[in-house]
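Right, one structure below, let's go through it.
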Amino acid sequence: MCGIVGYTGQRQAAPILLDGLSKLEYRGYDSAGLAVRNRDGEIEIVKAKGRLAVLSEKTDGGRTLQGCCGIGHTRWATHGEPSENNAHPHCSDDGNVVGVHNGIIENYQELREKLQRNGYRFYSGTDTEVAVKLIDYYYKKYLGTPVDAINHAMVRIRGSYALAIMFKEYPGEVFAARKESPMILGVADGECYLASDVPAILKYTRNVYYIGNMEIGRLKDGKVTFYNLDGDEIEKELVEILWDAEAAEKAGYEHFMMKEIHEQPRAITDTLNSVLQDGALNLDGVGLTDEELKDISHICIVACGSAYHVGAVAQYVIEDLAKLPVRVELASEFRYRSLLLDPKELVVIISQSGETADSLAALREAKKRGASTLAVVNVVGSSIAREADHVFYTMAGPEIAVATTKAYSAQLIAVYCLAAQLGKVRGTITEEYYQELVREMTLLPEKVNKVLEEKGRLQWFAAKQANAKDVFFIGRGVDYAVSLEGSLKLKEISYIHSEAYAAGELKHGTISLIEDGTLVISVVTQSALFEKIVSNMVECKSRGAQLFGLTSYGNYSIEDTADFVTYVPKTDEHFAASLAVVPLQLLAYYVSLARGLDVDKPRNLAKSVTVE
Ligand code: G6P
317 MCGIVGYTGQ RQAAPILLDG LSKLEYRGYD SAGLAVRNRD GEIEIVKAKG
367 RLAVLSEKTD GGRTLQGCCG IGHTRWATHG EPSENNAHPH CSDDGNVVGV
417 HNGIIENYQE LREKLQRNGY RFYSGTDTEV AVKLIDYYYK KYLGTPVDAI
467 NHAMVRIRGS YALAIMFKEY PGEVFAARKE SPMILGVADG ECYLASDVPA
517 ILKYTRNVYY IGNMEIGRLK DGKVTFYNLD GDEIEKELVE ILWDAEAAEK
567 AGYEHFMMKE IHEQPRAITD TLNSVLQDGA LNLDGVGLTD EELKDISHIC
617 IVACGSAYHV GAVAQYVIED LAKLPVRVEL ASEFRYRSLL LDPKELVVII
667 SQSGETADSL AALREAKKRG ASTLAVVNVV GSSIAREADH VFYTMAGPEI
717 AVATTKAYSA QLIAVYCLAA QLGKVRGTIT EEYYQELVRE MTLLPEKVNK
767 VLEEKGRLQW FAAKQANAKD VFFIGRGVDY AVSLEGSLKL KEISYIHSEA
817 YAAGELKHGT ISLIEDGTLV ISVVTQSALF EKIVSNMVEC KSRGAQLFGL
867 TSYGNYSIED TADFVTYVPK TDEHFAASLA VVPLQLLAYY VSLARGLDVD
917 KPRNLAKSVT VE
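Residue numbers (this note's numbering): 317 to 928.
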């Protein structure tokens, strides 16, 4: 939530900051702002309510702001409603300290009162203004350096933050401080960059530092110096980012979401290849040897949003292939529950960003309770990846659209690999079946491409649903798990109310919501459950529902019941979610498009939820 950027070098800062923010808009987009130090040493601040485009227009693409050092912010409101006044950057009363912030200052009321007692006045409802003024307070109190001032503030602040700060008396310098919220610092030929996420600076440099918790960075003359809380200098390793800069661009697609839907075959292939060796899976690189896998007694999968839906699929697949008890928990619940963990339980945290606050807290809780932890994460070097005992990196590349698609697919293939390997080492599947599963996984990308060829039909169907009021998704087993994801995709980007139900639950209340013409989407890929779900479809139809059937080629009898049918290629049924999800993603995309909505940036949402 919220994206921050910073730049200091020889070029004009504002266009670089705006460009960086455009790559971070997925993190929040209710207001934005820039602070640039002009030639006279004055720091000029411009803010605008609404999308980044409004700020860009207001500053003529950054041209009205002159200066080579600056910071910027795109906001997802937590404290204080979205408004120009609450937009960042915020500054101290005399303009001595200016800052942008991502995170939440939990004790901001208490700090605000302390500052008020010391003569500070507040113009916004944000916690950020409090942080900026607290730094100003310590700067003046101890007549110290910016590092001292920030250190003192960090000790007093409770909560999470990635802060970028400029001090009036330190021209050409940007200071950074971090606790929990993500931030990277980049360097290139006399220039320094700072951002919440890699895509914002990928165009300018691939050489980055990951700043740790409770650390400070000083960006000056193309060099970053790091300090710990005592103000002592510390060494950091420069890391090269291997992502392709093109990956963060739309590449001719109208929206990132459509581009990312089409990148799924590659995301699946790359993730699978990362653990495939001579036709067999090898999780040694993940840090899980066959011996360790054999020793696991239970699995607890913890995640949020779509990553939780991957967990729901994994539960069916792992239980069936590896005969291990698996439970799936929402991270926000797990972290506050005294869940009993078996000493040999593996806790698997699934997260695209690796920064989701609840998932990170759940990981820490699991570690505290002595569990072994595995992170399935997309963003290299993210907090969850760094703190988990083992990491299985999904190879989806940067995902920009708020509604996840390719990261979900990459997570699915990662959990299939885990399931198949567990099945093999525990002897719950035969070697032949294991080989067949691995082969089926390698065929999934081609099959996803086949589903993508059907998009014209789905667009036609979606256009007719633009005015739908309620949509229901039903399925059983893996089909129920994928229904959860299909329903989330639809509601988050089309704003049409939708719900996913285990088809057998329908009769326990929900069926009363079915009216003439209500769309019911049935996912039917599990042959053992085919007849059961067709009966549920008939029950809906006799109450007036319009039925969309999503099934595998060969199940043609579904046409006797459904009004509209989409087929996906056959695969091993454990892996059916990887194919069934694609028409559901396309449907959501086209419904959103037909309703004239902003597909990539749905209202009220942010891609990376770094606050509770
Ligand atoms: C947000 C995103 C979802 C994502 C969820 C968990 O709600 O919009 O797409 O599934 O966070 O994020 P994570 O980065 O942990 O996978």
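Every residue, glycine too, gets a C-beta built ideally from N, C-alpha and C.
Please read these numbers as outputs of a predicted model, since none were measured by experiment.
For residue i, count neighbouring Cβ atoms within 10 angstroms of its own Cβ and tell me buried if that reaches 16, exposed if not.
i      : result
Thr442 : buried
His824 : exposed
Asn544 : exposed
Ser497 : buried
Lys457 : exposed
Asp600 : exposed
Thr605 : exposed
Gln737 : buried
Arg327 : exposed
Leu829 : exposed
Ala779 : exposed
Asp335 : buried
Tyr323 : buried
Lys539 : exposed
Asp876 : exposed
Leu656 : exposed
Gly802 : buried
Ser868 : buried
Lys684 : exposed
Gln425 : exposed
Residue i to residue j, Cα distance in whole Å?
i      : j      : result
Gly793 : Ala818 : 8 angstroms
Val644 : Arg651 : 13 angstroms
Val749 : Asp586 : A small correction: the amino acid at residue 749 is Tyr; Val does not occupy that position in the sequence shown. Spanning the two alpha carbons is a distance of roughly 23 angstroms.
Ser372 : Val927 : 27 angstroms
Gly383 : Gly533 : 21 angstroms
Pro398 : Trp392 : 8 angstroms
Ile481 : Val413 : 7 angstroms
Asp409 : Asp916 : 37 angstroms
Glu556 : Ala493 : 21 angstroms
His417 : Val446 : 11 angstroms
Val471 : Arg702 : 23 angstroms
Ser350 : Gly386 : Reading off the sequence, residue 350 comes out as Leu, not Ser. About 7 angstroms.
Pro761 : Leu753 : 14 angstroms
Tyr872 : Ile849 : 14 angstroms
Ser924 : Arg355 : 36 angstroms
Leu676 : Ser699 : 7 angstroms
Gly377 : Gly912 : 26 angstroms
Leu866 : Asp832 : 21 angstroms
Gln862 : Leu822 : 16 angstroms
Lys495 : Ala469 : 12 angstroms
Pro659 : Val602 : 21 angstroms
Ser799 : Val839 : 7 angstroms
Gly820 : Asn852 : 7 angstroms
Under the DSSP definition of a beta bridge, which residues are partnered with residue i?
i      : result
Leu350 : Val362 and Gly388
Arg911 : None, per the DSSP bridge assignment.
Ile790 : Tyr817 and Ser838
Ile661 : Here residue 661 turns out to be Glu, not Ile, going by the sequence shown. In DSSP, Glu661 forms a bridge with His614.
Leu738 : Bridge partners of Leu738: none, in fact.
Thr867 : Val840 and Tyr883
Met482 : Val414
His406 : Gly415
Ile812 : Answer by DSSP bridge pairing: none, since Ile812 is not bridged.
Ala619 : Leu646 and Ile666
Arg859 : According to DSSP, Arg859 bridges with nothing at all.
Thr380 : Answer is none; Thr380 lacks a bridge partner.
Ile500 : Ala511 and Tyr526
Quiz item: Are three or more beta carbon pairs between the region 740-751 and the region 760-775 nearer than 8 angstroms?
Solution: Verdict: no, contact absent.
Exercise. Mind listing, in chain order, the continuous alpha helix (DSSP H) runs of no fewer than 4 residues lying wholly within the region 505-583?
Key: Counting only runs that start and end inside the region 505-583, the alpha helix (DSSP H) elements of at least 4 residues fall at 572-578.
Self-check item: Sufficient close CB pairs (3 or more, under 8 angstroms) joining the region 444-453 to the region 514-531
Solution: Between the region 444-453 and the region 514-531 there are fewer than three C-beta pairs closer than 8 angstroms, too few to call the two in contact.
Practice problem: Assess, as a yes-or-no matter, whether the region 701-709 is touched by the region 667-683 under the definition of 3 or more beta carbon pairs within less than 8 angstroms. | Solution: Yes: the two stretches touch, three or more of their Cβ pairs being nearer than 8 angstroms.
Quiz item: Quick check: the region 542-553 against the region 683-699, are there 3 or more CB pairs under 8 angstroms?
Solution: Contact between the region 542-553 and the region 683-699 is absent, because fewer than three Cβ pairs lie under 8 angstroms.
Quiz item: Is there contact here, the region 800-807 with the region 896-914, by at least three beta-carbon pairs under 8 angstroms?
Solution: Taking 8 angstroms as the limit for Cβ pairs, the verdict is that the region 896-914 does touch the region 800-807.
Self-check item: Given 8 angstroms, three or more beta-carbon pairs between the region 710-717 and the region 576-583
Solution: With the cut-off at 8 angstroms, the region 710-717 and the region 576-583 touch.
Practice problem: Indicate whether the contact test is met: 3 or more Cβ pairs, each with one atom in the region 339-353 and one in the region 508-515, closer than 8 angstroms. | Solution: By the C-beta criterion, the region 339-353 is judged to be in contact with the region 508-515, since at least 3 inter-stretch pairs fall below 8 angstroms.
Quiz item: So does the region 781-801 actually touch the region 872-887, counting three or more Cβ pairs closer than 8 angstroms?
Solution: Of all C-beta pairs linking the region 781-801 to the region 872-887, fewer than three are shorter than 8 angstroms, placing the two stretches out of contact.
Quiz item: Which runs of the beta strand (DSSP E) fall wholly inside the region 692-753 and span at least 3 residues, in chain order?
Solution: Counting whole runs of 3 or more residues, the region 692-753 contains the beta strand (DSSP E) stretches 706-709.
Self-check item: Meets three-Cβ-pair contact criterion under 8 angstroms: the region 606-614 and the region 633-644
Solution: Below 8 angstroms, enough C-beta pairs join the region 606-614 and the region 633-644 to call them touching: three or more.
Exercise. Can you check the region 416-457 for any beta strand (DSSP E) of at least 3 residues that lies completely inside it and give the ranges in chain order?
Key: Here no run is fully enclosed.
Practice problem: With a floor of 3 residues, list each beta strand (DSSP E) that falls wholly inside the region 626-682, ordered by position along the chain. | Solution: Whole beta strand (DSSP E) segments, 3+ residues: 642-646 and 661-667.
Practice problem: Decide if the region 888-897 is in contact with the region 727-736; the criterion is three or more beta carbon pairs, one per stretch, under 8 angstroms apart. | Solution: Taking one beta carbon from each stretch, the region 888-897 and the region 727-736 have 3 or more pairs nearer than 8 angstroms; the two touch.
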